[in-house]
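Participant: The C-terminal residue of the sequence shown carries number 389 in the working numbering, and the numbering is unbroken. Note that CB positions come from ideal geometry on N, CA and C, so glycine has one too. From a predicted model like this one, the values you see are computed outputs, not experimental measurements. Quick one: the structure is below, and I'll ask about it shortly.
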Amino acid sequence: MTPVPPVPPMRPILLTDLPIRDDLRGRSPYGAPQIDVPVRLNTNENPYPPSAGLVADLAEAVRRDAGELNRYPDRDAMALREDLAAYLGHGLSARQVWAANGSNEVLQQILQAFGGPGRSALGFEPSYSMHPIITTGASTRWISGAREDDFGLDPGKAVAAIEEHRPDIVFLTSPNNPTGTALTMDVVQRVVEAAPGMVVVDEAYFEFARTGTPSALRLLPGNPRLIVTRTMSKAFAMAGTRLGYLAADPAVIEALLLVRLPYHLSTLTQAAARVAVAHRDELLGTVDRLRAERDDCVRRLREHGLSVADSDANFVLFGRFRDRHAVWEALLEHGVLIREVGPPEWLRVSVGTAQEMAAFHEALSAVLAVSDVIPASGRPGRDEPEESA
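This is how it looks when you write it as structure tokens:
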């Protein structure tokens, strides 16, 4: 019997071997490092878990709905949208609110409806890094505008960029990630007036803004091309629920219905989100504590002689370091994980509990004491970057 020759081992298939779209080649997926360390301050989560009472109500909601899991969920999530409209206020109705799996799916649906081949989206960077990623994924051209040295946005320059590029979608982020910078309503209004297409104001961190900071929700009447997005992942402390939502003119919701997948929000997701909205006073009760920790963090970082961006969010951007990766690694060796994100020479720390923040400050003090990581040209003080970021 003739022996069968051995089959040569097959070479593993690489991503570069696949016929993916040309505009996706060479790109890296989004994601913060997931490392098991004692102190994790890198993903801007609310560090306070839900109470036993909220967990019990959530378990009851799941138990109540579990008997209907053989049926599809409410395709348009009307009860949830009514709850979210009541929370947002500003006279909004359920017809003006839409929800999806995290604010990222909300943004994706906006790009699918108003972007696409031959269209463009403009954002002012540094800003949320998912905006260009989602834009590219929707076959839309990304245009990068610039922020000021203090990470603010000059309305005149923003309008000039819009007039130059005529984008189909403009992204504004307030408070901005990763800088924490909030926008004035004058900037938003002028952008809305200048934009030929849709304007998306990403307010994922709005609940952390200082008291009296206005929301772009107040500009919705009379501005049918304005969209304001929110999330339950941050102040609501429900990141595991994956629930994002937006407010806009009812016609915008009709446009999104054209691209949303059928039954995109599961029965259990809707149930969990409704329980969270019902417990909003409890969940948002931690916001004042986190604001206080944020402001204390800004003060202590500046006492180190570091540059720190004024923040209206639950994170702080600080620098400027000759080798920010070395600082990030040194903090990790002390059991503290922060985020290496944003402009070069800067790092971002999420605001955690008092104990977590104490561990961060202790670790940072130790790192700065033994490392020559701050640029030799000096330690800039409050809002005094050495050069444009």
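(1) Starting from the Cα of residue 151, find the closest Cα among 116, 77, 178, 206 and give me that residue.
(2) Could you give the uninterrupted runs of the beta strand (DSSP E) lying entirely in the segment 114-159, keeping only those of 3 residues or more?
(3) Given a cut-off of 8 Å on the beta-carbon distance, is the pair residue 322 and residue 338 in contact?
(4) Is the segment 107-115 close to the segment 149-165, with three or more CB pairs under 8 Å?
(5) Roughly how many angstroms separate the alpha carbons of residue 189 and residue 157, rounded to a whole number?
(6) Can you grab the Cα-Cα spacing for the pair residue 244 / residue 372, in whole Å?
(7) Is residue 95 near residue 196, with beta carbons less than 8 Å apart?
(8) Please name the residue, chosen from 104, 68, 70, that lies closest to residue 31 on a Cα-to-Cα basis.
(9) Use the C-beta contact count for residue 352: other C-beta atoms within 10 angstroms, 16 or more gives buried, fewer gives exposed.
(10) To the nearest angstrom, report how far apart residue 439 and residue 6 are at their CA atoms.
(11) Using the DSSP secondary-structure output, state which residues sit across from residue 228 in a beta bridge.
(12) Going along the chain, which residues of its own chain have a beta-carbon closer than 7 Å to the beta-carbon of residue 360, five neighbours each way excluded?
(13) Tell me, please, whether the segment 136-149 touches the segment 208-221 by the rule of three or more beta-carbon pairs shorter than 8 Å.
(14) Mind checking who residue 98 pairs with in its DSSP beta bridge?
(15) Using 8 Å for Cβ pairs, my map puts residue 185 next to residue 227. What's the rounded Cβ distance?
(16) Return the chain-ordered list of same chain residues with a C-beta closer than 6 Å to the C-beta of residue 82, the five sequence neighbours on each side being excluded.
(17) Excluding sequence positions up to five away, which residues of its chain have a Cβ less than 6 Å from the Cβ of residue 344?
(18) Taking C-alpha atoms, which residue in 254, 363, 368 lies nearest to residue 334?
(19) Apply the 10 Å Cβ neighbour rule to residue 325 and answer buried if 16 or more other Cβ atoms are within range, or exposed otherwise.
(20) Leaving aside the five residues before and after residue 270 along the sequence, list all residues of the same chain whose C-beta is less than 7 Å from its C-beta, in chain order.
(21) Once the 5 residues before and after residue 381 are set aside, which same chain residues still bring their CB inside 8 Å of it?
(22) Within the continuous beta strand (DSSP E) that includes residue 171, where are the two ends?
(23) Does the Cβ of residue 108 have 16 or more other Cβ atoms within 10 Å, making it buried, or fewer, making it exposed?
(24) Please state the DSSP three-state secondary structure of residue 4.
(25) Quick check: what's the CA-CA separation for residue 230 versus residue 205?
(26) Do residue 346 and residue 315 have their beta-carbon atoms positioned less than 8 Å apart in this structure?
(27) Which ranges does the beta strand (DSSP E) cover as unbroken runs of at least 3 residues, wholly within the segment 234-289, from first to last along the chain?
(28) So within the segment 5-79, which uninterrupted alpha helix (DSSP H) runs reach at least 4 residues, ignoring any that extend past its ends?
(29) Taking residue 122 and residue 153 to be in contact with their CB atoms under 8 Å, please state how far apart those CB atoms are, rounded to whole angstroms.
(30) So, at 7 Å on beta carbons, what are the nonlocal neighbours of residue 13 in its own chain, with the 5 sequence-adjacent residues on each side left out?
(31) What does a CB cutoff of less than 7 Å around residue 51 pick up in its chain, not counting 5 residues either side in sequence?
(32) Kindly list the residues whose CB is nearer than 6 Å to the CB of residue 192, restricted to its own chain and excluding five residues on each side of it in sequence; keep chain order.
(33) So the beta strand (DSSP E) residue 348 belongs to, where does it begin and stop?
(34) In the DSSP assignment, the beta strand (DSSP E) including residue 318 goes from what residue to what residue?
(35) Distance check for residue 260 and residue 241, CA to CA, integer angstroms please.
Facilitator: This is what the structure gives:
(1) 178
(2) 120-125, 141-146
(3) no
(4) no
(5) 14 Å
(6) 42 Å
(7) no
(8) 104
(9) buried
(10) Shown here, the chain extends from 1 to 389; a query on residue 439 therefore has no answer.
(11) 201, 247
(12) 39, 41, 336, 349
(13) no
(14) 246
(15) Contact flag wrong, Cβ pair sits at about 16 Å.
(16) 94
(17) none
(18) 363
(19) exposed
(20) 73, 74, 77, 80
(21) Interpretation of residue 381 is limited by its pLDDT of 35, a score under 50 that renders its predicted location unreliable; the figure taken from the coordinates is listed afterwards. Around residue 381: 302, 305, 307.
(22) 169-173
(23) buried
(24) coil
(25) 8 Å
(26) no
(27) 244-247
(28) 52-66
(29) The pair is not a contact, with the Cβ atoms about 12 Å apart (cut-off 8 Å).
(30) none
(31) 282
(32) 199, 223, 226
(33) 346-350
(34) 315-319
(35) 19 Å
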